[in-house]
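Here's the structure we're looking at; comments come further down.
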Amino acid sequence: MPCPKNGDHLCWIRIDDQTLCWQDGKCILFDDTYPHEVQNNTSDHRVVLLIQFERPTYGVGRLVQGMFLKVVRRSAFVQEAKNNLAHWHALHHEMARTERQTSGLTV
1 MPCPKNGDHL CWIRIDDQTL CWQDGKCILF DDTYPHEVQN NTSDHRVVLL IQFERPTYGV
61 GRLVQGMFLK VVRRSAFVQE AKNNLAHWHA LHHEMARTER QTSGLTV
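Position 22, counted from 1, in the sequence shown is what the UniProt record's numbering calls 22; the numbers after and before it change by one each time, with no gaps.
Structure (structure tokens):
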């Protein structure tokens with residue numbers, strides 16, 4: 001995924017007391033139960049792949065975690081991302097179809 005160009009110290013994430021900058025070819029995996037914040041002070045887009053892991057919990061913790069993940073899945077944030085992805089897929093499909101038509105290939 002692309003990183004902002006010239007993003008050193010302009011595009012960062014602070015997790016607890018550690019500040020990290022995004023770098024091409026590198027990934028950042030962290031436990032979001034720690035206090036964290038992000039800043040992107042560039043004119044470029046910052047693309048993030050967000051994965052929620054189900055933690056090994058039991059009893060009430062498992063129930064709370066399940067409810068939390070259900071709420072997250074239905075949140076406007078996740079729904080917007082799903083809609084954006086569907087829109088991107090539709091555009092990509094249309095561009096590929098147009099390219100095949102203009103190059104003389106059958107669709």
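Don't be surprised by glycine CBs; every beta carbon is placed ideally from N, CA and C.
Note that the coordinates shown come from a computational prediction; the quantities given were computed from them, not determined experimentally.
Fill in: Per DSSP, the bridge partner or partners of valine 38
Ile13
Item to complete: Would you kindly work out how many angstroms separate the C-alpha atoms of glycine 54 and isoleucine 28, rounded to a whole number?
Response: The displayed chain sequence assigns glutamate, not glycine, to residue 54. Straight-line Cα distance between these residues: approximately 18 angstroms.
Worksheet item: Are there 16 or more other CB atoms within 10 angstroms of the CB of tryptophan 22, so buried, or fewer, so exposed?
Response: buried
Practice prompt. Could you tell me whether the Cβ atoms of isoleucine 51 and histidine 36 are closer together than 9 angstroms?
Written response: Contact flag unset, no.
Practice prompt. Starting from the C-beta of aspartate 16, find all residues in its chain whose C-beta is less than 7 angstroms away, skip the five residues before and the five after it, and write them out in chain order.
Written response: Tyr34 and Pro35
Worksheet item: Which residue's Cα is closest to the Cα of phenylalanine 30: Asp24, Leu20 and Gln39?
Response: The shortest C-alpha separation from phenylalanine 30 is found at Leu20.
Item to complete: Pull up the distance between the alpha-carbon of asparagine 40 and that of leucine 49, whole angstroms please.
Response: Roughly 16 angstroms between the two C-alpha positions.
Worksheet entry | Contact under 9 angstroms by Cβ, cysteine 11 with aspartate 32 | no
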